[in-house]
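Chemist: Position in the sequence shown (first residue = 1) + 866 = this note's numbering.
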Amino acid sequence: MHRENTLNMRTFGCFSLTYNDASLLKPSRKSDSQFHLLMQILLHRKEEGISREELEAVLFQNRELNNSAHTLQSVLYNARKRLKESHLPEGEYIIQKNGIYYWNNEIAVAEDAHLFEEGVRKAIALQDMDLLRQTLFLYQGDFLPEANEHSWVLKERWRYRRLFSDAVCVLLEDYRLREEYKEIRSLGEYAVSVDPLESWEELIMEALVALGQYEDARELYMKTSELYVKKQEVLPPKRLSKLLDEMGRQIQYPERMVEEVHEELQKDVSGDEGGYESTYPSFVGAYKAIYHIMERSGESACLMLCTIVNSKGNRMDDTPKLAELSERLNNVIRTTIRKGDIYAKLGKTQYILLLCNTTRENCLKIQKRIDDNFVINRQRIRVQYKVKDIFAKEENTDR
């Protein structure tokens, strides 16, 4: 987005303010924050303006000031001075009418958020898919992503997210009607890039399954599942799993002899030592299979959840130290549990273990072995355990 002789403001994904390729913003400094806030809300509300009371609340965040009106005038004076010293044409810039502050429209403003909203609403009303596709690319991420403490920003951010979602869904239905699965994949990839962790991976998966690109679909599922677990410590959307199941039913493998299949599978198990580390999606599949096998044989099995906690028993903050501790716990678990046991990382602080032919009493011994190898010197950080006999009905026990 760039228009000549126009004040161009970008609000999606970052904040920038330029006039004929020259930036009005200096390298980030704390002293510039009030100027940024003033320009953001004045230009975003260039039509309706903003009252003195609300402007003071935005700029000063309800701080106790001896004379807020005088302080506001000082901010406005400095802003006008700075604008005058910029590449903008001469003008008054900020004007006041009946107690409402406005941007002087003698200097044209182009804001990506306004252009996006205007374009999406027009395209949907006219059912103009070409216009909708072009407009969609104006959305480059969250609205003013660094202004998280301001309620007006959060309200607008949510509104634009919903508008982006509406636009994607309209385009998606058009592509489905035309069976344009390559376009669906591109749409999903763009949506994921600007609005991550909002389940847009479903669109890519849908397209890959429809196009028969099963290996790509499986790889996407594994990566997405790991991303959800690591970033949000939640499971991936159920629809992704359903699409993967659908994909599995559609795959037609070439016929082979049992010896060939065995040889191929054996390559992945020979030489394994200790417990088997898997991704969480693979862990779920293994759990389902092992559960039914052991239920039928009458053998026991336990789930063990291992969580790294600080000296007060609380989860640790995400720091380089935590990453180091998590990797150490990973190595300790792998070498402590037996062949036939399986484990997966659930998040930055947690691992889930499936221990076969193991009782609660044996779990205490495993916990001690993990502690003996994980805790070094006078380290106060420890591992918290929760154990569940998968065939028992009683509640989890903590340690």
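Think of the CB as a built atom: it goes at the ideal place given N, C-alpha and C, for glycine as much as any other residue.
Would DSSP call residue 990 helix, strand or coil?
Modeler: In this structure, residue 990 counts as helix in the three-state DSSP scheme.
Chemist: Does the beta-carbon of residue 874 have 16 or more other beta-carbons within 10 angstroms, so that it is buried, or is it exposed?
Modeler: Burial is judged here by how many other beta carbons sit within 10 angstroms of a residue's own beta carbon; residue 874 has at least 16 and is buried.
Chemist: Are the CB atoms of residue 1144 and residue 1236 within a distance shorter than 7 Å?
Modeler: no
Chemist: In whole angstroms, what separates the C-alpha of residue 1205 from that of residue 1140?
Modeler: Straight-line Cα distance between these residues: approximately 5 Å.
Chemist: Could you check if residue 1201 is buried or exposed, using at least 16 other CB atoms within 10 Å of its CB as the buried criterion?
Modeler: That one is exposed.
Chemist: Would residue 1172 pass as a contact of residue 1217 if the rule is Cβ separation under 7 Å?
Modeler: yes
Chemist: Tell me the residue span of the beta strand (DSSP E) that contains residue 876.
Modeler: In the DSSP annotation of this structure, the continuous segment of the beta strand (DSSP E) that includes residue 876 starts and ends at 873-876.
Chemist: Under a three-way DSSP split, which group does residue 1170 fall into?
Modeler: strand
Chemist: Let me check one thing: in DSSP terms, what residues is residue 977 bridge-paired to?
Modeler: 875
Chemist: Could you tell me whether the region 993-1012 touches the region 1027-1034, where touching means 3 or more Cβ pairs closer than 8 Å?
Modeler: yes
Chemist: Consult DSSP for residue 1250 and reduce its assignment to one of helix, strand or coil.
Modeler: Residue 1250 falls in the strand class under three-state DSSP.
Chemist: Based on Cα-Cα distance, which residue from 1075, 1077, 1054, 1060 lies nearest to residue 1067?
Modeler: Considering only alpha carbons, the answer is 1054.
Chemist: Rounded to whole angstroms, how far is the Cβ of residue 965 from the Cβ of residue 917, which I believe are closer than 8 Å?
Modeler: The C-beta distance from residue 965 to residue 917 rounds to 6 Å, short enough to meet the 8 Å contact threshold.
Chemist: Going by other Cβ atoms of all chains shown within 10 Å of its Cβ, with 16 needed for buried, is residue 974 buried or exposed?
Modeler: exposed
Chemist: Quick one: complete beta strand (DSSP E) runs, 3+ long, within the region 883-960?
Modeler: none
Chemist: Applying the criterion that 16 or more other CB atoms from any shown protein chain within 10 Å of the CB defines a buried residue, is residue 1149 buried or exposed?
Modeler: buried
Chemist: Buried or exposed: residue 885, going by 16 or more other Cβ atoms within 10 Å of its Cβ?
Modeler: buried
Chemist: For the beta strand (DSSP E) containing residue 1210, list its first residue and its last residue.
Modeler: 1208-1211
Chemist: Mind checking residue 1010: buried by the 16 CB within 10 Å criterion, or exposed?
Modeler: Around the beta carbon of residue 1010, 16 or more other beta carbons sit within 10 angstroms, so the residue counts as buried.
Chemist: For residue 963, which of helix, strand or coil comes out of DSSP?
Modeler: Residue 963: strand per DSSP, three-state reduction.
Chemist: By the three-class DSSP mapping on this structure, what secondary structure does residue 1195 have?
Modeler: helix
Chemist: Under 8 Å: do the region 1072-1082 and the region 1035-1053 share three or more Cβ pairs, one atom per stretch?
Modeler: yes
Chemist: Hey, would you say residue 878 sits closer than 7 Å to residue 1007, going by beta carbons?
Modeler: yes
Chemist: Using CA atoms only, rank isn't needed, just tell me which of 1035, 1079, 1012 is closest to residue 995.
Modeler: 1035
Chemist: Please name the residue in 1190, 1089, 979, 1211 whose C-alpha comes closest to that of residue 1063.
Modeler: 1089
Chemist: DSSP on residue 1149, reduced to helix/strand/coil?
Modeler: The three-state secondary structure of residue 1149, taken from DSSP, is helix.
Chemist: In whole angstroms, give me the CA-to-CA distance for residue 908 and residue 969.
Modeler: 6 Å
Chemist: Distance, Cα to Cα, residue 1234 vs residue 1195?
Modeler: 13 Å
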